[in-house]
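Protein chains in written order, with this note's numbering: chain A, 905 to 1107; chain B, 905 to 1107; chain C, 905 to 1107; chain D, 905 to 1107.
These notes concern the structure reproduced below.
There are 4 protein chains.
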Amino acid sequence: MDNFEETKNHKKRIENKLRNREQILNAARLVFLEIGYESCNIRDIIRRTDLASGTFYNYFKTKEEVFIALHDNALARFRPHIKTAFEEANGDFGKFIYKAFLSYFNFKSEELLINSHNNKILSASANNQTPEAVALFDEISTYLNSFCIDGKYCHINSQYLVSSCIGIAQELGRILARDESQSAHELAKFSTQFVIGGILNIK
Amino acid sequence: MDNFEETKNHKKRIENKLRNREQILNAARLVFLEIGYESCNIRDIIRRTDLASGTFYNYFKTKEEVFIALHDNALARFRPHIKTAFEEANGDFGKFIYKAFLSYFNFKSEELLINSHNNKILSASANNQTPEAVALFDEISTYLNSFCIDGKYCHINSQYLVSSCIGIAQELGRILARDESQSAHELAKFSTQFVIGGILNIK
Amino acid sequence: MDNFEETKNHKKRIENKLRNREQILNAARLVFLEIGYESCNIRDIIRRTDLASGTFYNYFKTKEEVFIALHDNALARFRPHIKTAFEEANGDFGKFIYKAFLSYFNFKSEELLINSHNNKILSASANNQTPEAVALFDEISTYLNSFCIDGKYCHINSQYLVSSCIGIAQELGRILARDESQSAHELAKFSTQFVIGGILNIK
Amino acid sequence: MDNFEETKNHKKRIENKLRNREQILNAARLVFLEIGYESCNIRDIIRRTDLASGTFYNYFKTKEEVFIALHDNALARFRPHIKTAFEEANGDFGKFIYKAFLSYFNFKSEELLINSHNNKILSASANNQTPEAVALFDEISTYLNSFCIDGKYCHINSQYLVSSCIGIAQELGRILARDESQSAHELAKFSTQFVIGGILNIK
DNA sequence: CATGAATGAGCATTCATTCAT
DNA sequence: AATGAATGAATGCTCATTCAT
């Protein structure tokens, strides 16, 4: 009975810790979007929760650590979209490219922290080489490579290719972030044709 | 005589102001490269000059203003390279694209402030929409458009196209920034083939 | 039977409390020696035990309280050495002085918390006038006084004398703390001759 | 004329800096005496001046740095007293010892920061080995050694001797700090006889 | 126009202490 | 009695900016 109580308490505590962490992450996301990563401070974040300032430090050491957690989390949630795109493409290269770009453009800019205040994502990820960023890069590489089993495209430097795709996605995504009236479908269509033409033209 | 003296003094003063401005910009560039834009402060910059801290404010209001000036300056110095590329291409689209990319990759990363500390340029420019960034964007647009006088490529959304090129240049440039052993020529060759193939494939 | 059980539990509890207190004191002693009294915090101490931070407050109110307990404990353990010195001297004043000084120099500096981080003991004791410090001071006084039953040295202000001895012990002990190659015997010999000469010369 | 003005301004500035430094030192001394070194913080010190908090850091990096400056300053002002004692003693060893101890006991405890809150001086100095502390130690050594030109006392380890004297001065000084009714003369007399007897008895 | 010390709001961070479990 | 996460006042320190000289 006592043990049961203790277990219950223990569970409650763990749940509470998770809730608090989630609270901080949520607050940080909103603050990053509204004020911007550089302009905000830890107080701005903690003020958005019902926690005390010191509590922040039980969960994260710095503002950057929150950003990375948030960022990695976004990438982790984005990766399945790429996988789905691959699976649903069912071997059709064009379909895969289109679905992947569309996923990226549709993936809520809110979630990827892309807006005028934070123009970091993906590029930051490629740069910072966080685990999730590397994993995403690798997964995209794998999928792209899987299309050249029959010999086509195999001579392409896949680092160059993936980087180019990321660059395109990023810059076109920026257009979307600036102008919501743009159509994600149009952007994805353009990207797909551009990338496929590009690949086919690599000698 | 007095007038002459005054004129001489006046001239001296103007020269001195220019020299001081130049000093600050130079110091800032070095500091941004070494410490990084976010990590440094105005003191770090001014310490690199033989000026006093208060003097900074006679030339710039904020650190960001220096960055933008520096950035715009870099873009302004980069623009002629694009122009030269265009002129030397002499109507050959592929040559233009290749030369433009090569120029970008060769343009000293130092000058574009691209390194692990400052991954802003171009994208920041596209984002911040500074005058020079807009001008560069427009110039590239103009050159690209000039190739479709005979009707080819004209249906392409030039904003999308320029953004894609910038995205590719930026991400591949990042590879170069990370790994100096990479060949700018190879990167430019890849980019050129990729972009030309892409353009030709846009329906 | 129940009573017996209760008694057993009660005993266990008391033993456990003692063990916990001992744990905290031990941890504190190590932390004071390694990090220093001023630099460490309660967490540093409690981290060295297998107790939780809140538990600290069941035993001590402040870090200082631990220091005093530790300090008094050291003095309490040191006092018997003085007593032994006195008894073994068997009325020989010089022997007593020598043995007392030697005891002090040999009493593990670790135990007296004398090192570069904590140069407080004895002087702190004389200053803080903790019970044990007063007791030690008094005991030394008593022993010294016992040598003047026959009239010699009796005119000496014993507060001055004891303070002088403590001052000498402390400063020479500091030499030992700084330089372990020094010989405790040599220091005690010097102290003894010095003190005896001094006493004999007091008019 | 301009040069003259500039020089005047420059002079004023330097004077102002000195005045500010003095202000901080004075405030710190008072705060150390009233609240104690450990208990006070930099704000407590700066609040006592008419300076802003940030200004503190133009002069000192830490609270400890102020303490050391203050402490070294006190030692520096104390040293001449020892010199005077030596000169006025005119070769009379006893006179020197007496005058030196008397100087110490008379040297305002305020100036040496000796009180219940700060029981560091001299011992801290011997410990911290600050330049002034070393210099004082050396000067005392020199004077003591000068008395053994004819061969007497020369076998005495002068480090032990000086340390013993410092220990005595310190502990007896503590008595004075605790109880102002004590006579500095009596303490100095006792110390003198004690030390002289001690020295003569070293074999 | 240059100087550079003074300013003080602002921030990250620490840590003794509390208290629900 | 033990736990350990939450608390938030307290503190050291930074740094853009001002301004008397």
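C-beta atoms are modelled at their ideal positions from N, C-alpha and C, and glycine is treated no differently.
Buried or exposed: glutamate 919(B), going by 16 or more other Cβ atoms within 10 Å of its Cβ? Within the second sequence, the letter at position 15 stands for residue 919(B). Glutamate 919(B) is classed as exposed because its beta carbon has fewer than 16 other beta carbons within 10 Å across all chains shown.
For a quick check, are the C-beta atoms of leucine 1040(A) and leucine 979(A) less than 7 Å apart? Along the first sequence, one-based indexing puts residue 1040(A) at 136. Along the first sequence, one-based indexing puts residue 979(A) at 75. With a cutoff of 7 Å on beta-carbon distance, leucine 1040(A) and leucine 979(A) are scored as near each other.
Verify the CB distance criterion: does asparagine 1105(A) have a CB-CB separation below 7 Å to chain B? For the purposes of this step, residue 1105(A) is taken as the residue at position 201 of the first sequence. Interface residue, yes.
When DSSP labels each residue in this structure, what does threonine 911(B) get in the three-state scheme? By 1-based counting over the second sequence, the position of residue 911(B) is 7. Threonine 911(B) carries a helical assignment under DSSP once its states are collapsed to helix, strand and coil.
What does the alpha-carbon distance come out to for the pair leucine 1091(D) and threonine 988(C)? Position 187 of the fourth sequence, counting from 1, holds the residue named residue 1091(D). Position 84 of the third sequence, counting from 1, holds the residue named residue 988(C). If I take the Cα positions, the gap works out to 31 Å.
Out of Lys921(C), Val970(C) and Asn962(C), which has the shortest C-alpha to C-alpha gap to leucine 945(C)? As a working mapping, residue 945(C) is identified with position 41 in the third sequence. The residue asked about is misnamed: residue 945(C) is asparagine in this sequence, not leucine. Among Lys921(C), Val970(C) and Asn962(C), the Cα nearest to that of asparagine 945(C) is on Val970(C).
Residues of chain C with CB under 7 Å from isoleucine 1070(D), in chain order? If you number the fourth sequence from 1, residue 1070(D) lands on position 166. In chain order: Glu1075.
Might you give, ordered along the chain, the residues of its own chain that have their beta carbon closer than 6 Å to the beta carbon of serine 1020(D), omitting 5 neighbours on each side? Indexing the fourth sequence from 1 puts residue 1020(D) at position 116. With a pLDDT of 48 at serine 1020(D), under the threshold of 50, the predicted position of this residue should be treated as unreliable, though the coordinate-derived value follows. Same-chain partners within the cutoff: there are none.
Going by other Cβ atoms of all chains shown within 10 Å of its Cβ, with 16 needed for buried, is lysine 1003(A) buried or exposed? Residue mapping note: residue 1003(A) aligns to position 99 of the first sequence, counting from 1. Buried, since its Cβ has 16 or more Cβ neighbours within 10 Å.
Is the beta carbon of glutamine 1074(D) less than 7 Å from the beta carbon of glycine 1071(C)? The residue you call residue 1074(D) lines up with position 170 of the fourth sequence. The residue you call residue 1071(C) lines up with position 167 of the third sequence. Less than 7 Å divides the Cβ of glutamine 1074(D) from the Cβ of glycine 1071(C).
Taking only the alpha-carbon atoms, compute the straight-line gap between asparagine 930(D) and phenylalanine 936(D) and give it to the nearest angstrom. Within the fourth sequence, numbered from 1, the residue matching residue 930(D) stands at position 26. Within the fourth sequence, numbered from 1, the residue matching residue 936(D) stands at position 32. C-alpha separation (whole angstroms): 10 Å.
Less than 7 Å separating the beta-carbons of serine 1062(A) and serine 1045(A)? What you label residue 1062(A) is simply residue 158 of the first sequence in a count that begins at 1. What you label residue 1045(A) is simply residue 141 of the first sequence in a count that begins at 1. Yes.
Kindly list, in the order they appear in chain C, the residues whose Cβ is closer than 8 Å to that of glutamate 942(D). Here residue 942(D) refers to the residue found at position 38 when the fourth sequence is read from its first residue. Going along chain C in sequence order, the residues near glutamate 942(D) (Cβ under 8 Å) are Glu942.
Endpoints, alpha helix (DSSP H) assigned at asparagine 1105(A): The residue you call residue 1105(A) lines up with position 201 of the first sequence. First-last of the alpha helix (DSSP H) with asparagine 1105(A): 1088-1105.
Which residues in the same chain have their Cβ closer than 6 Å to the Cβ of serine 1085(C), if we skip the five residues on either side of it in sequence? Here residue 1085(C) is taken as the residue at index 181 of the third sequence, counted from 1. Excluding sequence positions up to five before and after serine 1085(C), its CB lies less than 6 Å from no other CB in the same chain.
Please classify threonine 1096(D) as buried or exposed, where buried requires at least 16 other C-beta atoms within 10 Å of its C-beta. Taking the fourth sequence and counting its residues from 1, one reaches residue 1096(D) at position 192. With 16 or more Cβ atoms within 10 Å of its Cβ, threonine 1096(D) is classed as buried.
Go ahead and pull the three-state DSSP assignment for isoleucine 1060(D). The count along the fourth sequence starts at 1 and reaches residue 1060(D) at position 156. In the structure shown, isoleucine 1060(D) sits in coil (DSSP, three-state: anything other than H, G, I, E or B).
Beta-carbon spacing of valine 1066(B), isoleucine 1001(B) below 7 Å: Taking the first residue of the second sequence as 1, we reach residue 1066(B) at position 162. Taking the first residue of the second sequence as 1, we reach residue 1001(B) at position 97. No, Cβ-Cβ distance for valine 1066(B) and isoleucine 1001(B) is not below 7 Å.
From Lys915(D), Lys921(D), Ile986(D) and Ala1037(D), pick the residue whose C-alpha is nearest to that of phenylalanine 1110(D); which is it? A question about residue 1110(D) goes unanswered here, because the residues of chain D that appear run from 905 up to 1107.
Phenylalanine 1011(A) CB to nearest chain B CB: under 7 Å? Position 107 of the first sequence, counted from the first residue, corresponds to residue 1011(A). No - not a single Cβ of chain B is within 7 Å of the one on phenylalanine 1011(A).
Serine 1117(A) to phenylalanine 982(B), Cα distance in whole Å? Because residue 1117(A) is not part of the residues shown, which for chain A are 905 to 1107, the question remains open.
What residues in its chain sit with their C-beta under 7 Å from that of alanine 993(A), if we drop five residues either side in the sequence? Within the first sequence, the letter at position 89 stands for residue 993(A). Answer for alanine 993(A): Lys999, Phe1000 and Lys1003, listed in chain order.
Below 8 Å on the Cβ atoms is my guess for threonine 1034(B) versus isoleucine 986(B); work out the distance and round it to an integer in Å. Taking the second sequence and counting its residues from 1, the one referred to as residue 1034(B) is at position 130. Taking the second sequence and counting its residues from 1, the one referred to as residue 986(B) is at position 82. With 8 Å as the limit, threonine 1034(B) and isoleucine 986(B) do not qualify as a contact, their Cβ atoms being about 17 Å apart.
Under the three-state DSSP convention, the category alanine 989(A) falls into: Within the first sequence, the letter at position 85 stands for residue 989(A). In the structure shown, alanine 989(A) adopts helical secondary structure according to DSSP, grouped into three states.
Could you tell me whether the Cβ atoms of leucine 974(B) and alanine 932(B) are closer together than 7 Å? Within the second sequence, numbered from 1, the residue matching residue 974(B) stands at position 70. Within the second sequence, numbered from 1, the residue matching residue 932(B) stands at position 28. Yes.
Proximal residues to lysine 1093(A) (C-beta, below 8 Å), its chain only, five neighbours per side dropped: Residue mapping note: residue 1093(A) aligns to position 189 of the first sequence, counting from 1. The answer, listed in chain order, is Tyr1002.
Pick out whichever of Leu1104(A), Ala1088(A), Arg952(A) and Arg917(A) has its Cα sitting closest to the Cα of phenylalanine 1005(A). Residue mapping note: residue 1005(A) aligns to position 101 of the first sequence, counting from 1. Of Leu1104(A), Ala1088(A), Arg952(A) and Arg917(A), the residue nearest in Cα terms is Ala1088(A).
Since leucine 955(A) contacts asparagine 977(A) with CB under 8 Å, what's their CB separation in whole angstroms? Here the question's residue 955(A) lines up with position 51 in the first sequence. Here the question's residue 977(A) lines up with position 73 in the first sequence. In this structure leucine 955(A) does not touch asparagine 977(A) by the C-beta definition: roughly 19 Å separates them, more than the 8 Å allowed.
Report the rounded CA-to-CA distance for phenylalanine 1009(D) versus arginine 947(A), giving the unit in angstroms. Here residue 1009(D) refers to the residue found at position 105 when the fourth sequence is read from its first residue. Here residue 947(A) refers to the residue found at position 43 when the first sequence is read from its first residue. Roughly 53 Å separates the two Cα atoms.
For a quick check, are the C-beta atoms of threonine 959(D) and glutamine 927(D) less than 7 Å apart? In the fourth sequence, the residue the question calls residue 959(D) occupies position 55. In the fourth sequence, the residue the question calls residue 927(D) occupies position 23. Their beta carbons are not under 7 Å apart, which means threonine 959(D) does not touch glutamine 927(D) by this criterion.
Inter-residue Cα distance where the pair is asparagine 1047(C) and glutamate 991(C): One-based indexing of the third sequence puts residue 1047(C) at position 143. One-based indexing of the third sequence puts residue 991(C) at position 87. The residue asked about is misnamed: residue 1047(C) is tyrosine in this sequence, not asparagine. Looking at the two C-alpha atoms, the distance is approximately 10 Å.
Give a yes or no on whether 7 Å exceeds the smallest Cβ distance from serine 1067(A) to chain B. Locating residue 1067(A) in the first sequence gives position 163, where the first residue counts as 1. Cβ-Cβ to chain B under 7 Å: yes for serine 1067(A).
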